[in-house]
Amino acid sequence: MKIMALILAAGKGTRMKSSKTKVMHEVNGIPMIGKIDSILTKSGIEEKLYILGHKKEDILLKYSDFSYVVQEEQLGTAHAVMVARGRITCDIDNVLILCGDTPLIREETINKIIGNHISNNSSVTILTTEFDNPFGYGRIVKNDKNNVIAIVEEQEADNETKKIKEINTGIYCFKREKLLEALENIDNNNSKGEYYLTDAIAYLSKKNEIIQSINVENNIEVMGINTKVELEIATRELRERKNIELMQNGVILIDKNTVYIEENVIIDEDTIIYPNVTIIGNTEIGKNCKILSNSRIENSIIKDNVKIDASVIEDSIIDDGVTMGPFAHLRPKSELGKNVHIGNFVEVKKSKLEDGVKAGHLTYIGDAVIGEKTNIGAGTITCNYDGKNKFQTKIGKNVFVGSNTKFVAPVNIENNVYIGAGSTITKDVNENSLAISREKQVEIKNWVLRKQSK
Ligand code: UD1
Ligand code: CA
Numbered sequence: 002m003k004i005m006a007l008i009l010a011a012g013k014g015t016r017m018k019s020s021k022t023k024v025m026h027e028v029n030g031i032p033m034i035g036k037i038d039s040i041l042t043k044s045g046i047e048e049k050l051y052i053l054g055h056k057k058e059d060i061l062l063k064y065s066d067f068s069y070v071v072q073e074e075q076l077g078t079a080h081a082v083m084v085a086r087g088r089i090t091c092d093i094d095n096v097l098i099l100c101g102d103t104p105l106i107r108e109e110t111i112n113k114i115i116g117n118h119i120s121n122n123s124s125v126t127i128l129t130t131e132f133d134n135p136f137g138y139g140r141i142v143k144n145d146k147n148n149v150i151a152i153v154e155e156q157e158a159d160n161e162t163k164k165i166k167e168i169n170t171g172i173y174c175f176k177r178e179k180l181l182e183a184l185e186n187i188d189n190n191n192s193k194g195e196y197y198l199t200d201a202i203a204y205l206s207k208k209n210e211i212i213q214s215i216n217v218e219n220n221i222e223v224m225g226i227n228t229k230v231e232l233e234i235a236t237r238e239l240r241e242r243k244n245i246e247l248m249q250n251g252v253i254l255i256d257k258n259t260v261y262i263e264e265n266v267i268i269d270e271d272t273i274i275y276p277n278v279t280i281i282g283n284t285e286i287g288k289n290c291k292i293l294s295n296s297r298i299e300n301s302i303i304k305d306n307v308k309i310d311a312s313v314i315e316d317s318i319i320d321d322g323v324t325m326g327p328f329a330h331l332r333p334k335s336e337l338g339k340n341v342h343i344g345n346f347v348e349v350k351k352s353k354l355e356d357g358v359k360a361g362h363l364t365y366i367g368d369a370v371i372g373e374k375t376n377i378g379a380g381t382i383t384c385n386y387d388g389k390n391k392f393q394t395k396i397g398k399n400v401f402v403g404s405n406t407k408f409v410a411p412v413n414i415e416n417n418v419y420i421g422a423g424s425t426i427t428k429d430v431n432e433n434s435l436a437i438s439r440e441k442q443v444e445i446k447n448w449v450l451r452k453q454s455k
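Heads up: the sequence shown begins at 2 in the working numbering, then just goes up one per residue.
As structure tokens, then:
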């Protein structure tokens, strides 16, 4: 049985009040449409076809591999499917239709609709739910044998129909040939002048086709996201699911309600995440790490046994056993080797610190490479920028950099060097040397006494 999914996503989403098209808004760090795509892929749907219209370029920029058709004018949900007609080829047995703005649907629910649809040999299977306030949704109308006979849209409903609480979620599975036949027979003779896909149901009912409805118990799954208020609710729901999944896989969350861990983040066993931590983008964290409060980690790779305290890490790589913070900042393209320690108020940018490097306090390391076991004293600064260009600082292995040193790049310090505290290093330093550049200290005897006697 071959199934094709049609994802309707041509609409603008006016209520979002945004310059961005609706389905590109992110839910827990992933655009709605991307979330739906990954659910469909996981449920094993062989073919997906997107109906795009409004700002399709923005969608295709990120999802260039999407198969799609363009619905230039949005004349209704049935019209959207009609646009795709030529692509619903004879090898396809069933068509699953859903909307691009329902990212909370679960893989299990998709599998359930498809499974039931096939095992009951239905012409159409509709996913429905009940809302206390069904306003705005299509109502599921049943006959006295409890068979679905129609879906009636809000605008077309009389007062009796409006009282029906069972609604159409907009997710259905059709037999291909029944869908195509029904589409031929849908007009736009209604109050909105639109081609309603929901009219397919009354048509198929009159033909005595098997129409089945499946109720989704947890109705948040079928919530359509139309506003930024709903966007926040959806993010909260997905965040909750993500946190639970992480804990089930062995991660410890001290307080799941205050951590923000986006959809694509991977975390390994026994890592502990403290309250108020944000982990975003394509981040991977290994085993037995401790991520303490007020840290933000973005698009980075962190290996095992790392401790991060109240620090910010962006687009960087951190090896085993690193300790960092509080208040350290790794800016993009930085790499910390095994057991590196960077402490309070240390900023690292586009630099590589080899295994065992230590920079405990108040330091800026930019565009630098620092060899194994080198110790960087407090207040060390790489002067990497002359106002126009950036220059490199190279420091070898086992170097001891005294406090308050300035390296005026480009400069190269070989292995096993000592730099005297307070030096401004402008020239390269050879292996095994001591380099020191600072004013000689003067002492004027009894200067204070003379000053006081005046
Ligand atoms: C639709 C259903 C309604 C159901 C509700 C569930 C119809 C006529 N009504 O109503 O029964 O209860 O969804 O949320 O189908 N779209 C296109 N092209 C179009 C029109 C719509 O791609 O020409 C897309 C939209 O971008 C959106 C989806 O289809 O993703 C649903 O369209 P929308 O206008 O929101 O339908 P509803 O009025 O909510
Ligand atoms: Ca809608």
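Glycine residues also receive a C-beta, built at the ideal position from the N, C-alpha and C atoms.
Here DSSP, grouped into helix, strand and coil, assigns N216 to strand. Around the beta carbon of G251, fewer than 16 other beta carbons sit within 10 angstroms, so the residue counts as exposed. Per DSSP, the beta bridge partners of L99 are I8. In this structure, E222 keeps its C-beta atom at 7 Å or more from the C-beta atom of N29. The three-state secondary structure of L105, taken from DSSP, is coil.
In this structure, DSSP gives H80 a helical state, which the three-state scheme calls helix.
Considering only T406, F132, D92, N399, the residue with the shortest C-alpha distance to I4 is D92.
The C-alpha of I37 is placed about 8 Å away from the C-alpha of T103. Cβ neighbours of G12 within its own chain (closer than 6 Å, five residues either side excluded): Q75. A distance below 6 Å between beta-carbons, with the five flanking residues on each side excluded, links N186 to the following residues of its chain, in chain order: Y204.
Secondary structure note for K179: its alpha helix (DSSP H) is the uninterrupted segment 177–185. Residue pairing by DSSP puts N169 in a beta bridge opposite T129. In the structure shown, the three-state DSSP call for M33 is helix.
Counting C-beta atoms within 10 angstroms of its own C-beta, G388 has fewer than 16 neighbours from the protein chains shown and is therefore classed as exposed. Apart from sequence neighbours up to five positions away, the residues of its chain that approach N306 with a beta-carbon distance below 8 Å are G287, K288, N289, C290, D321, G322, ordered along the chain. For A151, no alpha helix (DSSP H) segment is defined; the enclosing uninterrupted segment is the beta strand (DSSP E) at 149–153.
Nearest Cα to L62 within the set D200, M25, V82: M25. In this chain, the alpha helix (DSSP H) harbouring L62 covers 57–63.
L331 sits in a strand when the DSSP states are folded into three classes. Taking C-beta atoms as the reference points, S296 and S312 count as a pair closer than 7 Å. When the beta-carbon positions are compared, L354 and I382 stay at least 7 Å from each other. I98 and Y173 have their C-alpha atoms some 5 Å from each other. In the DSSP assignment, the residues bridged to V142 are A151. The criterion of a C-beta distance shorter than 7 Å is not satisfied by Y197 and G35. By the neighbour-count criterion, in which a residue is buried when 16 or more other Cβ atoms sit within 10 angstroms of its Cβ, L105 is buried.
Here the alpha carbons of V266 and H330 stand approximately 20 Å from one another. The beta carbon of V278 sits closer than 7 Å to those of V260, I292, S294, S296, all from its chain and outside the five residues before and after it, given in chain order. At the C-beta level, K407 and T394 stay beyond 7 Å of one another. For V409, the uninterrupted beta strand (DSSP E) run begins and ends at 407–409, by DSSP. Q72 places its beta carbon less than 7 Å from that of A81. Where K452 is concerned, the enclosing alpha helix (DSSP H) starts and stops at 448–454. Under the DSSP assignment, V70 falls in the beta strand (DSSP E) whose first and last residues are 69–71. Per DSSP, V307 is not a residue of any alpha helix (DSSP H), being assigned neither H nor E.
For I234 and I226, the gap between their C-alpha atoms comes out near 9 Å.
The beta carbons of F401 and I420 sit about 7 Å from each other, so the pair counts as a contact at 8 Å.
Secondary structure note for N413: its beta strand (DSSP E) is the uninterrupted segment 412–414.
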